[in-house]
Amino acid sequence: MNNIEREKQIQQVQRQIRFVKKVFSSGNLYYIWDALGVDVPKIQSRPILRNYGITQTDVDRIPYEQKANKEKLEKRKRIITLICITIGILIGLVSAYLYAIESAISSSGIGVGEVIGLCLIHGVIGAAGGGFLLAIVTTTHLWKKNPEKSENEKKYDQYRMDLNHYEYWQWKKQKVYWLSLNGEEFEHALAALYRNLGYQAEVTKSGGDKGIDIIVRGAGKPDFIVQCKAHKNKISPSPIRDFYGTMVHGNYSKGVFASLSGFTSGAKEFAVDKNIILIDVNNIIDGEIL
0 MNNIEREKQI
10 QQVQRQIRFV
20 KKVFSSGNLY
30 YIWDALGVDV
40 PKIQSRPILR
50 NYGITQTDVD
60 RIPYEQKANK
70 EKLEKRKRII
80 TLICITIGIL
90 IGLVSAYLYA
100 IESAISSSGI
110 GVGEVIGLCL
120 IHGVIGAAGG
130 GFLLAIVTTT
140 HLWKKNPEKS
150 ENEKKYDQYR
160 MDLNHYEYWQ
170 WKKQKVYWLS
180 LNGEEFEHAL
190 AALYRNLGYQ
200 AEVTKSGGDK
210 GIDIIVRGAG
220 KPDFIVQCKA
230 HKNKISPSPI
240 RDFYGTMVHG
250 NYSKGVFASL
260 SGFTSGAKEF
270 AVDKNIILID
280 VNNIIDGEIL
């Protein structure tokens with residue numbers, strides 16, 4: 000591997016790291032699902048409370064109770080951990096004191112300064128070790144003592160999960176969502192749609208696969224490749240020709256070129272007899288991605 004190739008790989012990794020940081024810092028659960036490749040179940044209709052055996056009162060009440068219980072548990076953990084560390088420090092100090100007495104009795108040739116120094120080191124190590132171990136053991140034990148969720152809480156959690164799944168797919172039907180995506184976000188979002196259709200969709204490393212952004216496999220059909228463009232302008236014939244060259248070079252019989260902005264008439268004409276499927280944002284919203 001030469002220096003140029005190595006530099007390209009480093010840049011690819013850096014782009015991926017920046018993308019992951021951006022997605023997680025956004026706090027948007029749906030972006031995170033796409034970035035992680037989560038297989039989100041497709042919920043066709045909005046979940047109804049009565050189908051889960053809960054009421055609107057439960058929906059209003061349970062989140063506050065769960066938050067209060069979580070804060071109470073975290074407070075208990077902090078207090079018990081502090082107690083454990085304190086106990087560990089006391090154990091260390093007692094150990095240091097006993098060590099000092101033993102040293103003074105058995106080694107009269109050791110100076111007072113040396114004895115004090117050794118005692119301090121012994122005490123710090125004992126305190127840190129004792130406190131750390133006690134904190135881990137006690138906190139882990141406390142974690143296992145988390146209260147069991149009530150039946151209503153379990154029903155509420157299932158309702159919230161299904162509601163998130165439903166809203167995720169509703170969100171993906173909005174044109175404003177797709178048009179807000181940058182290149183990497185577009186790749187991950189489109190790959191998620193293919194996975195929902197039963198395919199294995201792998202997003203390739205940015206910029207390193209000569210026009211291949213997604214490799215789609217499975218569902219009992221030949222593999223095919225996808226290139227994604229989130230440009231604001233319509234795609235001209237030139238990128239389609241390059242993509243066709245990639246298909247031929249990789250021995251792929253089918254390719255999908257996805258553009259949020261659409262295609263010029265020349266691009267459409269070129270793709271007609273090349274087994275290249277051109278899809279725009281309207282096709283994506285309608286589920287026409289094959």
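Numbering (numbering that gives the first Met the number 0), first residue to last: 0 to 289. Glycine residues also receive a C-beta, built at the ideal position from the N, C-alpha and C atoms.
Looking at the DSSP output, CYS227 sits in a beta bridge with ALA257. Under the DSSP assignment, ARG216 falls in the beta strand (DSSP E) whose first and last residues are 213 to 216.
C-alpha of ARG49 to C-alpha of ARG216: approximately 40 Å in a straight line. Non-local C-beta neighbours of ASP38 in its own chain, meaning closer than 6 Å and more than five positions away in sequence, comprise ARG194, ordered along the chain.
The residues GLY217, ALA218, in chain order, have a CB closer than 8 Å to that of GLY197 in the same chain once the five nearest residues on each side in sequence are set aside. Using a Cβ-Cβ distance cut-off of 8 Å, the segment 151 to 167 and the segment 235 to 254 are not in contact, since fewer than three pairs of beta carbons, one from each stretch, lie closer than that value.
For GLU152, the secondary structure class from DSSP, reduced to helix, strand or coil, is helix. Leaving aside the five residues that flank PRO221 on each side, the residues in its chain whose CB is nearer than 7 Å to its CB run, in chain order, SER252, LYS253. VAL175 counts as exposed, since fewer than 16 other beta carbons sit within 10 angstroms of its beta carbon. In the three-state scheme derived from DSSP, where H, G and I count as helix and E and B as strand, GLN43 is classed as coil.
In this structure, ILE211 lies away from ALA200, with their beta-carbon atoms at least 9 Å apart. For LEU192, the enclosing alpha helix (DSSP H) covers residues 182 to 195. Under DSSP, the beta-bridge partners assigned to ILE234 are PHE262. One thing to note: GLU184 has its Cβ within 9 Å of the Cβ of ASP33. Between the alpha carbons of ASN68 and SER44 lies a gap of roughly 32 Å. When the five nearest sequence neighbours on each side are left out, the beta carbons in the same chain lying within less than 7 Å of the beta carbon of HIS187 are those of ASP33, ALA34, VAL202, in order along the chain.
For LEU28, the number of other beta carbons within 10 angstroms of its own is below 16, and it is reported as exposed. Residue environment: ILE224 is assigned as buried (16 or more neighbouring CB atoms within 10 Å of its CB, all protein chains considered). Under the three-state reduction of DSSP, VAL202 is assigned to strand. Scanning ALA191, ASP279, ILE288, LYS71 for the CA closest to the CA of ASN232 turns up ASP279. The beta carbon of PHE262 is closer than 6 Å to those of LYS233, ILE234, LEU277 in its chain, skipping five residues each way along the sequence. Rounded to whole angstroms, the Cβ separation of ILE42 and ASP161 is 6 Å, and the two are in contact under 8 Å. Per DSSP, ILE288 lies in no beta strand (DSSP E) segment and is marked neither H nor E.
ASP272 and GLN173 have their C-alpha atoms some 31 Å from each other.
Comparing alpha-carbon positions, the option among ASN163, GLY265, ARG75, GLU64 lying closest to LYS148 turns out to be GLU64. LEU277 is bridged by DSSP to PHE256.
When DSSP states are grouped into helix, strand and coil, GLU147 belongs to the coil group. Secondary structure at TYR243: helix, using DSSP grouped into helix, strand and coil.
The Cβ atoms of LEU189 and ILE288 sit closer than 9 Å to each other. Cβ contact annotation for GLY265 (same chain, cutoff 6 Å, sequence separation greater than five): PRO236, in chain order.
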